[in-house]
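Single-structure report; data block below.
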Amino acid sequence: LYDSARTAVEQLPEADFCIQEDSQVLLKMDPNARIKFSNMKCQCYLNCVLQDSERVKSNTLHYITSGAINKMFNLKIGSERLSMKVSFPKILDTNYDPEKPFYLNISNEQRAQIHQGNGEQLAGSCLQALAFRYAATMLAEEQQQKDS
């Protein structure tokens, strides 16, 4: 697992920020406990390798809760989370204008890639980046108002 995490981190481009969605809560009698535990373990390895690498400084690693992403993009129906891959086109279509909060300039070719095999991860990455940009913009505007 460590070698896989190191290989993944080596393939990452240099970036100003690294954004991850927080791990889901692991409950005692959860039927998906084994999968969630594996995801948490992978995330821990990735975080350790990321922070040890030269690519990402510890102050540029940010987490967004899944609840925040669910609320921002209406991804929750009852207790079920909707597929980000399926919801992504609608999110893009409703944010067609650069003035909209979750606008994303994306080509038709890039849209098509999201409908292929790893589309859930690609859509999730885009939504995490959009959510982070929105939060950072809101914080900057709030700080600007305080300074005025």
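Heads up, the sequence shown is in the numbering used here, so the first residue is 262 and it goes up one at a time.
C-beta: ideal position from N, C-alpha, C; glycine also.
Bear in mind the structure is a predicted one, so any value in this text is a computation, not a measurement.
Which residues DSSP lists as bridging residue i, in chain order
i	result
E341	I338
Y324	Q281
Helix, strand or coil at residue i according to DSSP, with G and I counted as helix
i	result
V347	helix
V270	helix
F363	coil
E381	helix
Y306	helix
K297	helix
N369	helix
L288	coil
Straight-line Cα distance separating residue j from residue i
i	j	result
E341	E370	30 Å
Y306	L262	7 Å
A373	F334	20 Å
K337	S368	27 Å
K346	H376	7 Å
Nonlocal neighbours in the same chain, by C-beta distance under 6 Å from residue i, ignoring five residues either side
i	result
N356	F363, Y364
V270	V310, L311, S314
7 Å CB neighbourhood of residue i in its chain, flanking five on each side removed
i	result
L391	F363, L365
Spatial neighbours of residue i in its chain, beta-carbon cut-off 8 Å, leaving aside the 5 residues before and after
i	result
F393	F278, I280, H323, I325
S284	K297, N300, M301, Q304
L287	A294, K297, F298, M301
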